[in-house]
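Data first, discussion second: the structure below is written as structure tokens.
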Amino acid sequence: MSQPTPEVYEQGKGMDAHNQVMREIRSRKEASYDPHEPTRVWLDEDNTPDGVKQSLTIILNTGGCRWARAGGCTMCGYVAESVDGGSVSHEALMNQIDVCLEHEQENGDEPAQLIKIYTSGSFLDEREVGAKTRRAIADTFADRERIVVESLPDFVDREKIGEFTQHGIDTDVAIGLETATDRVRHDCVNKYFDFADFEDACAEAALADEDADGKADAGIKAYLLMKPPFLTESEAAADMISSIERCAAVEGCHTVSMNPCNVQRYTMVDELYFDDGYRPPWLWSVAHVLEETADVDAIVVSDPVGHGSDRGPHNCQECDDLVQKAIKDFDLRQDPAVFEQVSCECERTWEVVMERERSFNQPLTR
Ligand code: SF4
Ligand SMILES: [Zn+2]
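First residue of the sequence shown: 1, per UniProt numbering; consecutive thereafter.
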């Protein structure tokens, strides 16, 4: 007689169920993209451990994330922008880099000292970006001060980081940890790894930092997701506060970027949003978390994308730009006093939401 196994039990439940739903939603996408063009590129300024720097952010168009092909994270629509067929050649990736350098020349006064490369997946995954391309990119940016590359923790190792630090470039690996709470990461975000894997990646970065022997620094930048689906506003804020504290306490992790969830197309969050089951976080919550964690031993920043819109983090529309400005100011100066200078009537509504919102509010009587 067949015995139930954990695998069988998981079929159609938990992560398997999330993946089934996400695969179905993602399969509706029809757009396809040119592998010789980056997904996006822009110039900005960023706070780094060495102060504020001009930055060039590149979203490389690679084959997309492996985990997304299995189903993937409930809020992530990036795969909808990746190339059909799942892999991009060395030549095409280098063409994308050239397009980004041209953009920088046309729009910037001088070369940005901070380069950030995101791939809608993992830059350090050999299947997305092969060793040859990785090294060529390290050569291309050898004269810059700092580089940030995005990766899932599994692919972080000291040798790969060393390919950048050997040029004297300070190197950070950005990891989409989303939350330090495994239960929330697994059940709300549908992301498979554990906090322990993040800690291992931080340890690899710390080793790479030692290997670099003072020539360059290596570290980890943790990306957190404020308010994944299925959490109330207050649960989401509490989860972020404890996550920031836990990340800041890990050796090798010097920056935490806490980003409010926005509603992207072809995601589970999008489905929930249309059925009134999801609201992106309040900007007041973002400000609250930044204020509460201002004294941790790490730089904490937040970049609310799509702020003020219904699908992005928002307050009442009247004060969105003001609070966003305060958040951006905090990013650069790390001074929580900036939040004392913003106020609006809708703060009262937010306080009620924080106090009264419940994931399950029925039955109302018993
Ligand atoms: S958030 Fe990252 S790991 Fe999750 S599906 Fe998107 S690209 Fe993949
Ligand atoms: Zn307001």
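C-beta: ideal position from N, C-alpha, C; glycine also. Since this is a predicted model, take the numbers as computed values, not measurements.
- The beta carbon of Ala196 sits no closer than 7 Å to any heavy atom of ligand 1.
- Distance from the CA of Ile327 to the CA of Arg366, rounded to the nearest whole angstrom, comes to 43 Å.
- By the CB criterion at 8 Å, Pro280 and Cys261 fall inside the cutoff.
- Closest in C-alpha terms to Gly71, from the list Ser87, Ile97, Met22, Lys116, comes Met22.
- For Gln54, the enclosing beta strand (DSSP E) begins and ends at 51-59.
- With 16 or more other CB atoms across the displayed protein chains lying within 10 angstroms of its CB, Ser257 is buried.
- For the set Asp154, Gly64, Val250, the Cα lying nearest the Cα of Asp297 is the one of Val250.
- For Arg333, the uninterrupted alpha helix (DSSP H) run begins and ends at 320-333, by DSSP.
- Taken in chain order, the complete beta strand (DSSP E) segments of 3 or more residues contained in the region 89-118 are 114-118.
- Using a 10 angstroms sphere on the CB of Gly176, the tally of other CB atoms reaches 16 or more, which defines it as buried.
- Bounds of the alpha helix (DSSP H) holding Asp197 are 195-212.
- Closer than 7 Å to some heavy atom of ligand 2: that does not describe the Cβ of Glu340.
- With a 10 Å radius around the Cβ and a threshold of 16 neighbouring Cβ atoms, Glu340 comes out exposed.
- With 16 or more other Cβ atoms inside 10 Å of its own Cβ, Arg144 counts as buried.
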